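Novice: Top line first, the protein sequences correspond to chains X and H. Here the first sequence stands for residues 1 to 379, numbered as in the working numbering. Here the second sequence stands for residues 1001 to 1546, numbered as in the working numbering. Where a beta carbon is used, it is the ideal one built from N, C-alpha and C, also for glycine. All values reported here derive from a predicted model rather than from experimental measurement. Have a look at this one.
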Amino acid sequence: CVGINLRYRFHVSLLCKLVSCFGDRAGQFFSSGHTNNWAVLVCTSRFWFNYRHVANTLSVYRSVKRLGIPDSHIVLMLADDMACNHRNPKPATVFSHKNMELNVYGDDVEVDYRGYEVTVENFLRILTGRLPPSTPRSKRLLSDDRSNILIYLTGHGGNGFLKFQDSEEISNVELADAFEQMWQKRRYNELLFIIDTCQGASMYERFYSPNLMALASSQVGEDSLSHQPDLAIGVHLMDRYTFYLLEFLEDIHPASKTNMNDLFKVCPKSQCVSTPGHRTDLFLRDPGSVLITDFFGSVRKVELTMETINLTDPIDAESGELQKEMHTYADQLPVSEIIHQKPKQKDWHPPDGFILGLWTLILLVFFQTYGVKHLKHIF
Amino acid sequence: LQSVRGQLAALSIAAVVIIVGVPLWWRTTETYRAWLPVSQIKELAKLQLHLSADVEVVFARGTVTPEQQKKVPLTQTQNMEHRVDGDSFNAILTPMRLSNSASVEADLSLHTLSESPSGSLVVYVIPESSSLLPQNVDVYIGQRRTALLRIGSQMRVGKTLEQLLAHMEPRIKQVLHVMSFSHTDITAALSNRVRISPGNKESIADSMRAFKSSPGYEITFSLLNPDPKSHRLHWDIEGAVETYIQPLLTKLSPVANFSIDSQTLYYAMLGVNPRFDSSRSTYTLNADSLAHVINPVEARLGSNAASSNPVLNFLLYIPDAHHSPLYIHDHKKQQVPTNAFHSPRWGGIMVYNVNEFYEVDTVFPVDINIDMAKVMGVFLAQLRLLLGVQSSTPPPGFLVAPCGNAGLADWELDRLMWSRSVENIATATTTITSLAQLLDQIGNIVINDNIAQQVSSAVTSLQLAVSELEAGNLGFALQYSKEAILSSERAFFDPSLLHLLYFPDDQKFAIYIPLFLPMCVPILLSLLKIVSEARQKHREKKPKKD
C-alpha cells in the first residue's frame, strides 16, 4: 500500500469589528434571537413616604412573574421594607390601587437585595458582573449573549442622575458606561430600560451601546407625578406612569402578540401630566416587530427531540458490598480558631483631623490667655 | 529691613508650595496603575489563526500501481480562499510521507487498536470494486478517527500519480469538513465577535441551541411525579448515570468539568392542559403548547447556589393516571417517537407513559420501575445536542458509524475540541482587548498588581494556544485556551475594577477651588508686590546712573 500524509491547514484572520446582526424574520423561533429572559428591578428610595416607589417596583415584579420569568432570573432590589413597616396599617401588604384592590406584595416575593444593600455600587456590580466570589447565585445577573434583559428603575431623580437611598447618586454617564461594559462582554442580546423618576429622559441620553431601548416617564425639566393618595394608608400608592403601565401589562398574557409600539403609547400626556419619552435609535430591530413578551415574559423556544441513542449495556449492580460513605457535618465556622485568636495588630495611623483641630484649639486658647512673651518661661 | 524680611518670607513660602506641595499633591492623588502589555494585546486582537489537521492517507492495494508507489511527491501546496466578511482563510495541503502496508484489513485492525492523537485523521482509499462498503456509499466514517473512501470510477489504475492526487483532494477535503472543521463551524464558533447574517435557519438554530463554552456545567436530572397516589416510582438514577452518562462526561473531561445531581419532585404539574384525542384515545400535547410547559416547572427546580456554571436540566415527567397515556405531537399531528422535547440552552423534558403497567382494577398506588436505558438514551441524545456535539446531516453518499458506548465518537470529540478552542481563543481575546480599552478610557480606575498578572498570564496562554493550534496539537491548544479564558475572565470580573470615580470637570473645580484659592491668593499677591517693587527700584536706579 501507499500512504500520503497530508497537512490540512486552515488560516483564519479576523478584524475586530461588529457586523450587522441577523434580521431573519422567518418564524418566531428565530425572530428575536434570545433564549432566556432576565429582569433587574430596582427601587432606590427609602422612608415611608416613598411607599409608591416600592409599589411601582413590586407591580412590575408581579407582571414579570405572571408572564413567566422565574425568580431565579429576577434580581429584585428594594431599598426599604414597606410591607412590614411600623407605619403600615395593613401589614404584609403593599397596595397599588386605592380601595386596596390589588396587593402586589403577594405571598411569594423573593427580594434579592434589601434595605441598605441597595447601593449604586451593588447595582453597578450586578450589571457588570464584578461581584465578590462569595455572592450566591440569586444575587447575580448570570445572563449570556442570548439573554434579553429588562431593567426597571424608580425613585427620585434629576437631570442626569438618580438618587439612591437619599445619600448617593448614579449619573447617566456611569450607567451608559456600565451598559457598554455589558455589551463588551456580551452579557445581553437586547436590553429594555424603563425609568420612572422625575426628568427620567436624561438618564438614557448618554447611552451608546447597541441593542438598547429605553422608556422614561418624563422629559428633562418635567416632574413625574404620583397617582393618587390613599386616605387609609396615608401615602400616595403609585406613580402615574407605572400605574398605567401596570394596567397595560395586566392585559398581556404569555401568548399575546402586542408589540412595543403599544408600550410607547402607554400614559399619554392627558393621563400622566408629564410627557413619557422613549429612545429606539440604538435598537437594531424595528420596535413594531418586538413583542412585549420578548422582555416582560419568558417564552421558551422548543425543539422536538427526533433522535435517541440505543443503549444496551445493563446497569452495573453495585459490585462488592455497598461502600457507604460516612457523612459528617463540617464545621460551619472554625470555632476553636476564633476563640483562641489574638487581637490583630492595627497599623499606626497619624492622628486624624479632629484630634489635630482639638490640639490647635487648646494651644490657641493657651496662648491667648498667657500671651506669647510668656512662652520662654515655659520652654 | 522689614520689607526685605517680608519679601524673603513670601518667596520662601512660594518656593515651598511649588517645589514641595505640588508634587506631593500630585503623587498622593494619582491612582495606582500597574503596567499592562498593551502592545501584545493589540497584536492578539488581530486574531490570526492557523488551524492544521494532520491527515494520513493510506492507499490500499489496487488503487495505485507499483511504479507510482516509488514516486514521492515532495510538497504539494494548494491555497484555498474562504471568505468571512472580507477576511480570508487559507488552506494549505502539504504531503509529508508515504507508508506501505500489506493489506487493508490488517492495516485497519492495526489502526483501530492504536490511538491516533487527537486532531489527526486516517483516511483509507479503497478500490472502486471493493466490497467493504455497500453499493451506494462512497465514504464510511468510523467511530475512531478513521474513514474509508472509495476511489472514483474514473480513476483507473493507469493514470498518473498527480492526477490521482488532484482527484482525491476535494474528496478528502469533504471528509475533513465532516470530521474535523469546516468554514461554517469556525464562523459559528466565532459568532461572539462577528455577527454575520447566516445563510440558513439551521446554522442559527445550531448556534442558539448549544451552550457557550464554559469551564464547568451542572447537570440536574429531575423526576416529576404529579400523582404520587397512583404511582410509586422507582428509578435507579445513580446506576443509570454511572453506566450511561458518566462515560460520555469522562470522555468530555478535556472540554469541561461536569457535576451531576438528581431530585424527585412531587405534585409538579405541567402548566398546560393536554387535549384528549378520541381517535387514538390518548392525551396529546401539541408542539405549539410545549413552549409554555417549562416556565411553571422551572420555578420549582432549584440549582446549586454556590456555583455560577450554566445548568442543564433534564426532566422526566410521568403523567398522572387521569391523563395517561400522554403523547407529544409534532406540527403534522404525528406522534414524536421519543416523546421528548428540548429547549435551547436549557435542557430537555421527556414524557414517560406508565399506563401499560396496570389494568383498570389494580390497587393504587402501583409500583413502577422505570426503564432507565430508554430514558437515558433520549437524555443522552439531548445532552449531545445541547453541548454542541451534533453536527448537521452528512452529505449524500456518506455513512456514519453509530457512536459507541460512550455516546461520542472520537472524531466528534475532535470537532467539539476544535470549535471550543477557537471559541475560547476568540472570547479570551475579546475580553482582554475590551479590558485594555476600558482601562485606557477611564483613567481613574486602580489597576492592582494581581490584575496585571492575570492579564499577562492570559496573554501568554493565548499566544501559546494560537501556536499550538498552528502546530496541530489539539489537546494542548484546548488546554491553553481554557487557561486563557480563566485568567481573562478573572481579570475582567475582578471586583476591584469597579469604576465609581466618575468626576465631571465642574465637580473637580468645585472641590479644589475652596481648598487652594485662599492659600494661593496671598502668595500670588505678595509675589506681584515683590515684582512691582523690584521694577520700581530698577526705574529709580536708572536716573541715578544717568
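Residues of chain H with a CB under 7 Å from the CB of residue 305(X): which are they?
Specialist: Near residue 305(X) (Cβ distances below 7 Å), the residues of chain H are 1338, 1340, 1341, 1342, 1348, 1378, 1381, 1382.
Novice: Only counting the same chain, and skipping five residues up and downstream in sequence, which positions put a Cβ closer than 6 Å to that of residue 1406(H)?
Specialist: The answer, listed in chain order, is 1247, 1248, 1251.
Novice: Out of 1426(H), 1445(H), 1496(H), 1418(H), which has the shortest C-alpha to C-alpha gap to residue 1119(H)?
Specialist: Residue 1119(H) has its Cα closest to that of 1418(H), out of 1426(H), 1445(H), 1496(H), 1418(H).
Novice: For residue 1436(H) and residue 1491(H), I'd like the C-alpha separation in whole angstroms.
Specialist: Taking the straight line joining both Cα atoms gives about 11 Å.
Novice: Using C-beta distances below 6 Å, list every residue in its chain close to residue 1263(H), excluding the 5 sequence neighbours before and after it, in chain order.
Specialist: Result list for residue 1263(H): 1222, in chain order.
Novice: For residue 370(X) and residue 1510(H), what's the separation of their Cα atoms in angstroms?
Specialist: Using only the alpha carbons, I get a separation of about 40 Å.
Novice: I'd like to check one pair, residue 237(X) with residue 55(X): are the Cβ atoms closer than 8 Å?
Specialist: Against a cut-off of 8 Å, the Cβ pair of residue 237(X) and residue 55(X) comes out as a contact.
Novice: Buried or exposed: where does residue 1219(H) fall if 16 or more other Cβ atoms within 10 Å of its Cβ makes it buried?
Specialist: It is buried - the Cβ of residue 1219(H) has at least 16 other Cβ atoms within 10 Å.
Novice: Which term fits residue 1008(H), buried or exposed, when burial requires 16 or more other beta carbons within 10 angstroms of its beta carbon?
Specialist: Label assigned to residue 1008(H): exposed.
Novice: Please list, in chain order, all residues of the same chain as residue 1344(H) whose beta carbon is under 6 Å from its beta carbon, the five residues on each side excluded.
Specialist: Closer than 6 Å at the Cβ level, and outside the excluded window around residue 1344(H), lie 1208, 1209.
Novice: Taking the alpha-carbon positions, what's the residue 114(X) to residue 131(X) distance?
Specialist: Taking the straight line joining both Cα atoms gives about 16 Å.
Novice: In the region 117-130 of chain X, which residues sit with their C-beta less than 8 Å from some C-beta in chain H, listed in chain order?
Specialist: Those residues of the region 117-130 of chain X that come within reach of chain H (Cβ to Cβ, closer than 8 Å) are 120, 121, 124, 125, 128, 129, 130.
Novice: Between residue 60(X) and residue 195(X), what straight-line distance do the alpha-carbon atoms span, to the nearest angstrom?
Specialist: Answer to the nearest angstrom: the Cα atoms are 12 Å apart.
Novice: Of the residues 312(X), 204(X), 112(X), which one's Cα is nearest the Cα of residue 280(X)?
Specialist: Nearest option by C-alpha distance: 204(X).
Novice: Going by the CB atoms, is the gap between residue 1178(H) and residue 1149(H) shorter than 8 Å?
Specialist: It is not a contact, given that the beta carbons lie outside the stated cut-off.
Novice: Compare the C-beta of residue 68(X) against all C-beta atoms of chain H and say whether one is closer than 8 Å.
Specialist: True, the Cβ-Cβ gap to chain H drops below 8 Å.
Novice: Please check the pair residue 1464(H) and residue 1480(H), which I expect to be a contact at CB under 8 Å, by giving their CB distance rounded to whole angstroms.
Specialist: Yes, they are in contact, since the Cβ atoms of residue 1464(H) and residue 1480(H) sit about 4 Å apart, within 8 Å.
Novice: Any heavy atom of the ligand GDP within a distance shorter than 7 Å of the CB on residue 208(X)?
Specialist: Among the components of this structure there are no ligands whatsoever, and the ligand GDP is therefore not found.
Novice: Which residue from 1338(H), 1412(H), 1455(H), 1470(H) puts its Cα closest to that of residue 1489(H)?
Specialist: The shortest C-alpha separation from residue 1489(H) is found at 1455(H).
Novice: Please classify residue 46(X) as buried or exposed, where buried requires at least 16 other C-beta atoms within 10 Å of its C-beta.
Specialist: Looking at its Cβ environment, which holds 16 or more other Cβ atoms inside 10 Å, residue 46(X) is buried.
Novice: Closest to residue 244(X) by C-alpha separation, out of 271(X), 229(X), 235(X), 71(X), would be which residue?
Specialist: When only C-alpha atoms are compared, the closest one is 271(X).
Novice: According to DSSP, residue 1234(H) sits in a beta bridge with which residue or residues?
Specialist: Beta-bridge pairing links residue 1234(H) to 1369(H).
Novice: Could you name the residues of chain X that residue 1330(H) contacts, counting a contact when the two beta carbons are closer than 7 Å?
Specialist: Ordered by position in chain X, the residues that pass the 7 Å Cβ test against residue 1330(H) are 304.
Novice: Decide yes or no for the touch test of the region 145-152 of chain X against the region 1512-1524 of chain H: beta carbon pairs closer than 8 Å, at least 3 of them.
Specialist: Too few Cβ pairs lie closer than 8 Å, so no.
Novice: Residues in the same chain with beta-carbon distance under 8 Å from residue 1180(H), minus the five sequence neighbours each way, listed in chain order, please.
Specialist: Hits under 8 Å: 1053, 1119, 1121, 1411, 1414, 1415, 1418.
Novice: Quick check on the burial criterion: 16 or more other C-beta atoms within 10 angstroms. Buried or exposed for residue 145(X)?
Specialist: Classification for residue 145(X): buried.
Novice: Could you tell me which residues DSSP pairs with residue 161(X) in its beta bridges?
Specialist: Bridge partners of residue 161(X): 158(X), 171(X).
Novice: How many whole angstroms separate the CB atoms of residue 1484(H) and residue 1428(H), which I take to be in contact at a CB cut-off of 8 Å?
Specialist: Correct: roughly 4 Å between the Cβ atoms.
Novice: Give me whichever residues DSSP pairs with residue 1216(H) in a beta bridge.
Specialist: Answer is 1257(H), bridged to residue 1216(H).
Novice: Any C-beta of chain B sitting closer than 8 Å to the C-beta of residue 1407(H)?
Specialist: Within the model displayed, chain B is absent; protein chains X and H are what it includes.
Novice: Can you say whether residue 364(X) is buried or exposed, counting buried as having 16 or more other CB atoms within 10 angstroms of its CB?
Specialist: Exposed is the call here.
Novice: State the beta-bridge partners of residue 1264(H) as determined by DSSP.
Specialist: Note: residue 1264(H) sits in a beta bridge opposite 1223(H).
Novice: Would you mind sorting residue 188(X) into buried or exposed? The rule is 16 or more other CB atoms within 10 Å of its CB.
Specialist: Residue 188(X) is buried by the Cβ-count criterion.
Novice: Which residue marks the beginning of the alpha helix (DSSP H) containing residue 63(X), and which one marks its end?
Specialist: Here the alpha helix (DSSP H) through residue 63(X) covers 51-66.
Novice: Between the region 31-48 of chain X and chain H, which residues of the former have a C-beta closer than 9 Å to a C-beta of the latter?
Specialist: Listed by position along the chain: 33, 34, 35, 36.
Novice: Do the CB positions of residue 1189(H) and residue 1423(H) come within less than 8 Å of each other?
Specialist: It is a contact, given that the beta carbons lie within the stated cut-off.
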